[in-house]
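Report on one structure; see the data block that follows.
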Amino acid sequence: MILTLIIAWLVATTCMTGFSYLFSTILNENFKEPVLLTDLLGKVFHIELPVWVGWLVHYLTGILFLVLLIAAYSLTNVDISVLWGIIFGAFLGGIGIVMWKGLYKLANTDPPTHTRLFHLQLIIAHIFFGMGAIGVERFYDAYLKMWL
Numbered sequence: 001m002i003l004t005l006i007i008a009w010l011v012a013t014t015c016m017t018g019f020s021y022l023f024s025t026i027l028n029e030n031f032k033e034p035v036l037l038t039d040l041l042g043k044v045f046h047i048e049l050p051v052w053v054g055w056l057v058h059y060l061t062g063i064l065f066l067v068l069l070i071a072a073y074s075l076t077n078v079d080i081s082v083l084w085g086i087i088f089g090a091f092l093g094g095i096g097i098v099m100w101k102g103l104y105k106l107a108n109t110d111p112p113t114h115t116r117l118f119h120l121q122l123i124i125a126h127i128f129f130g131m132g133a134i135g136v137e138r139f140y141d142a143y144l145k146m147w148l
């Protein structure tokens, strides 16, 4: 079970990040969460940070979001489905928007990107997060549970 959670965390966060990087490339904008986090945290602490700090914070936040997803699943007792992954992923996107707004306020700076587009991207990216986590859980149930 722990291995499945680790895989779900890595797959979900990577799906989300992959979408953000693709969306950034297509629109020629910087919606790359690890890069933005590095910049913002540097402003908060008044130091220049290496980009790996943003990656670390981004993936650690992915753990928090996976815990929220699991808690919501446990509390609602609904069947894990594609629709549930989409709905809860969008909800996580809303939480992400609030977190980013707080970070920008803490850093005392304006977002470097188009805010509405960034927020839309966050919601879609977190839908990818939800779908990635659901996909791992379903794969585990269908193919791996009997072996582990």
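Per our numbering: the sequence shown = residues 1 to 148. Even for Gly, the Cβ is constructed at its ideal location relative to N, Cα and C.
Residue i (DSSP reduced to helix, strand or coil)
i, result
"residue 107", "coil"
"residue 1", "coil"
"residue 78", "coil"
"residue 118", "helix"
"residue 46", "coil"
"residue 139", "helix"
"residue 33", "helix"
Buried or exposed (CB count within 10 angstroms, at least 16 for buried), residue i
i, result
"residue 136", "buried"
"residue 9", "buried"
"residue 81", "exposed"
"residue 17", "buried"
"residue 47", "exposed"
"residue 96", "buried"
"residue 106", "exposed"
Rounded distance between the beta-carbons of residue j and residue i, thought under 8 Å
i, j, result
"residue 66", "residue 5", "7 Å"
"residue 235", "residue 104", "Past the edges of the chain, shown from 1 to 148, lies residue 235, and the structure says nothing about it."
"residue 94", "residue 12", "The pair is not a contact, with the Cβ atoms about 17 Å apart (cut-off 8 Å)."
"residue 19", "residue 118", "No, residue 19 and residue 118 are not in contact; Cβ-Cβ is about 13 Å, not under 8 Å."
Distance between residue j and residue i (C-alpha atoms, nearest Å)
i, j, result
"residue 56", "residue 78", "32 Å"
"residue 53", "residue 38", "6 Å"
"residue 70", "residue 45", "32 Å"
"residue 85", "residue 130", "5 Å"
"residue 34", "residue 76", "32 Å"
"residue 23", "residue 87", "21 Å"
"residue 50", "residue 42", "9 Å"
"residue 92", "residue 120", "12 Å"
"residue 111", "residue 101", "8 Å"
"residue 123", "residue 138", "22 Å"
"residue 132", "residue 115", "25 Å"
"residue 59", "residue 109", "23 Å"
"residue 14", "residue 64", "15 Å"
"residue 27", "residue 125", "15 Å"
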